[in-house]
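Q: One structure, pasted below without further comment.
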Amino acid sequence: MSKAQLASREGTDLFQLGHSEATFQTFDKAIQLDHNHSDAYYDRGYIYAALGQHQRAIQDFDKAIQLDPKDAMKYFGRGLVHVQIGQLQLAIKDFGMALQLDPMDAGAYSNRGAVYNDLMDQPETNVAQIYPQIEGIADVEAVLA
């Protein structure tokens, strides 16, 4: 395990122990050790999101995706932040990308379905704009199979 990976793991442990400031210092150290360590950006983004610092979270998820665009988990994490701040169309895109990369990700199916449901509940929603984006009922069938 690299020094950057160890620092990233330590940052996660520190957060779980309630040491927020030390957490960010440790993730900063992990990133300084390896600017291409996408998981450090992902983990720090997750913690920013947990603390309600959504824009910082999105920036870190963006960087993690830039470094590792084939990791479904990174799109899923950013999608959750988009849901938290009400950017539902962007959340749908992120969950959709997560599903393209990992078609068996039940969490991405579930969250995307919940976002579609939330959109349908909004009075200003134009159903004709939403339905063309739905990739088909096969989503539900794939999860149930």
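Following my numbering, the numbering of the sequence shown begins with 7 at its first residue and continues without gaps.
Glycine is no exception: its CB is placed at the ideal position from the N, C-alpha and C atoms.
Grab me the residues of aspartate 124's own chain with a C-beta within less than 7 Å of its C-beta, minus the 5 sequence neighbours each way, in chain order.
A: One-based indexing of the sequence shown puts residue 124 at position 118. Correct list, in chain order: Leu94.
Q: Is histidine 41 buried or exposed, if buried means 16 or more other CB atoms sit within 10 Å of its CB?
A: Here residue 41 refers to the residue found at position 35 when the sequence shown is read from its first residue. Burial call: exposed.
Q: If we call anything under 8 Å between Cβ atoms a contact, is alanine 97 one with histidine 88?
A: As a first step, residue 97 must be located in the sequence shown, where it is residue number 91. As a first step, residue 88 must be located in the sequence shown, where it is residue number 82. It is a contact, given that the beta carbons lie within the stated cut-off.
Q: On a CA-only basis, which of Asp49, Gln59, Leu86 is nearest lysine 69? Give me that one, please.
A: In the sequence shown, residue 69 corresponds to position 63, counting from 1. The option with the nearest alpha carbon to lysine 69 is Asp49.
Q: How close, in whole Å, do the beta carbons of glycine 17 and alanine 36 come, if the pair is a contact with beta carbons under 8 Å?
A: Here the question's residue 17 lines up with position 11 in the sequence shown. Here the question's residue 36 lines up with position 30 in the sequence shown. At roughly 6 Å, the Cβ-Cβ gap stays under 8 Å, so glycine 17 and alanine 36 are in contact.
Q: Excluding five sequence neighbours on each side, which residues of the same chain lie with their C-beta closer than 6 Å to the C-beta of glycine 114?
A: Stepping through the sequence shown from its first residue, residue 114 is reached at position 108. Note that residue 114 is alanine in the sequence shown, not glycine. Cβ within range, chain order: Phe82, Phe101, Ala104, Leu105.
Q: Thinking leucine 57 and serine 26 are a contact (beta carbons under 8 Å), I'd like their distance in whole angstroms, please.
A: Position 51 of the sequence shown holds residue 57. Position 20 of the sequence shown holds residue 26. At roughly 7 Å, the Cβ-Cβ gap stays under 8 Å, so leucine 57 and serine 26 are in contact.
Q: Going by the beta-carbon positions, is the gap between leucine 39 and alanine 10 smaller than 8 Å?
A: As a first step, residue 39 must be located in the sequence shown, where it is residue number 33. As a first step, residue 10 must be located in the sequence shown, where it is residue number 4. It is a contact, given that the beta carbons lie within the stated cut-off.
Q: Return the first residue and the last residue of the alpha helix (DSSP H) that glycine 51 is part of.
A: Walking along the sequence shown from the start, residue 51 turns up at place 45. Glycine 51 -> alpha helix (DSSP H) spans 44 to 56.
Q: Tell me the DSSP secondary structure of leucine 73 in three-state form.
A: Sequence index remark: in the sequence shown, residue 73 carries index 67 (1-based). The answer is helix: DSSP assigns leucine 73 an H, G or I state.
Q: Return helix, strand or coil for leucine 23, following the three-state DSSP convention.
A: Start at 1 with the first residue of the sequence shown, and residue 23 comes out as number 17. Correct three-state label for leucine 23: coil.
Q: Following the continuous alpha helix (DSSP H) through glycine 102, name the residue where it begins and the one where it ends.
A: The sequence position of residue 102 within the sequence shown is 96, counting from 1. That run of the alpha helix (DSSP H) goes 94 to 107.
Q: Can you find the residues in the same chain that come closer than 7 Å, C-beta to C-beta, to threonine 29, ignoring five residues on each side of it along the sequence?
A: Mapped onto the sequence shown, residue 29 falls at position 23. Correct list, in chain order: Gly17, Leu20, Phe21, Ile53.
Q: Along the chain, where does the alpha helix (DSSP H) that runs through serine 116 open and close?
A: Locating residue 116 in the sequence shown gives position 110, where the first residue counts as 1. Run containing serine 116: 112 to 127, per the alpha helix (DSSP H) assignment.
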